[in-house]
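Working notes for the structure below.
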Amino acid sequence: MSGNENFRWGIIGTGGIARTFARDIAYLEGHEIAAVGSRTILKSQEFTNEFPATPFGSYEELVASDVDA
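The sequence shown begins at 2 in the working numbering and counts up one residue at a time.
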């Protein structure tokens, strides 16, 4: 990650705490929600309707992606 790129977050799960965390990240300069993983792709896709990110249908797929944390 170079100095001018956003820090790319991956969120595991799509429940209430994940939504609160996503809203908090949205306010931080230099940070973005890059991916969300859930037990089903449908839940991840629904989450990304509110918080644009790449949806994954498993936690393993999210961890294997190019997120920073």
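Idealized CB from N, CA, C, for every residue including glycine.
Give the straight-line distance between the Cα atoms of residue 49 and residue 5, rounded to the nearest whole angstrom. As a first step, residue 49 must be located in the sequence shown, where it is residue number 48. As a first step, residue 5 must be located in the sequence shown, where it is residue number 4. So the two alpha carbons sit approximately 24 Å from each other.
Taking residue 10 as the reference, which of 36, 57, 30 has the closest Cα? Numbered from its first residue, the sequence shown carries residue 10 at position 9. Residue 10 has its Cα closest to that of 36, out of 36, 57, 30.
Span of the beta strand (DSSP E) around residue 64: Residue 64 sits at position 63 when you count from the first residue of the sequence shown. Taken as a continuous stretch (DSSP letters only), residue 64 belongs to no beta strand (DSSP E), being part of the alpha helix (DSSP H) at 60-65.
Determine the burial state of residue 64: buried for a count of at least 16 other Cβ atoms within 10 Å of its Cβ, exposed for fewer. As a first step, residue 64 must be located in the sequence shown, where it is residue number 63. Answer is exposed; the Cβ neighbour count stays below 16.
Three-state class that DSSP yields for residue 21 in the structure shown: Translated into the one-based positions of the sequence shown, residue 21 becomes position 20. Here residue 21 sits in helix by DSSP.
What are the complete alpha helix (DSSP H) segments, minimum 4 residues, inside the stretch 21-52? 42-51
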